[in-house]
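Structure record follows, encoded as structure tokens.
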Amino acid sequence: MAATSGRVLVVDDSEVIRQLIRVNLELEGFEVVTAADGAECLEVVRRVAPDVVTLDVVMPRLDGLRTAARLRAARETAHLPIAIVSACTPADLERGESVGVDGYLAKPFDPVELVALVRRLRERSAARPAPAGRRFAYDFGSPPPEAPRGDRQTPGDSALSERPQELVRPDDPRP
């Protein structure tokens, strides 16, 4: 196994999805800790100090968006990069943006895109804290007609993969 690339807290009520995400991230050198819902996430997050958190939206006890809001509200976890890995409605995406979620990957997802999302969020957080007014990135798999060029990331860039992704506002129809 490669050197540890960082610690990821994976939160999903489906054990199958948790294990799928775990295997794909561990193969890329990440250390993975899991939780079955948002309430368990809040218990585990301070103990394991993850570098990135992935959240499903629909979970028992405490859903992913409320969990993200609580992580953002607490000083100790406000800086954590948070990605939603879920099949969401446009309203869920809008709520995710409003609570400060950093990225979104739609289920079913390509494991390569999952790893790229987590890696990019990890690298961005290690390089510098997220700026105020950050944009929420949505991955629907289609590149924009005019993708930004160069090494510098702009607000229109996606935080999800190495290839350009379309940035879609929550009120826009899903492709």
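For the sequence shown, UniProt numbering begins at 1 and goes up steadily by one. C-beta: ideal position from N, C-alpha, C; glycine also.
Collapsing the DSSP output to three states places arginine 61 in coil.
Of the residues assessed, glutamate 43 falls on the exposed side of the cut-off, its CB having fewer than 16 other CB atoms within 10 angstroms. Comparing alpha carbon positions, the residue from Asp63, Ser125, Phe109, Glu76 closest to asparagine 24 is Phe109. Glutamate 31 has Arg7 as its beta-bridge partners, per DSSP. When DSSP states are grouped into helix, strand and coil, alanine 106 belongs to the strand group.
Put simply, the backbone Cα of leucine 105 is about 7 angstroms away from that of leucine 114.
Counting every other CB atom within 10 Å of its CB across the protein chains shown gives leucine 80 a total of 16 or more, marking it as buried.
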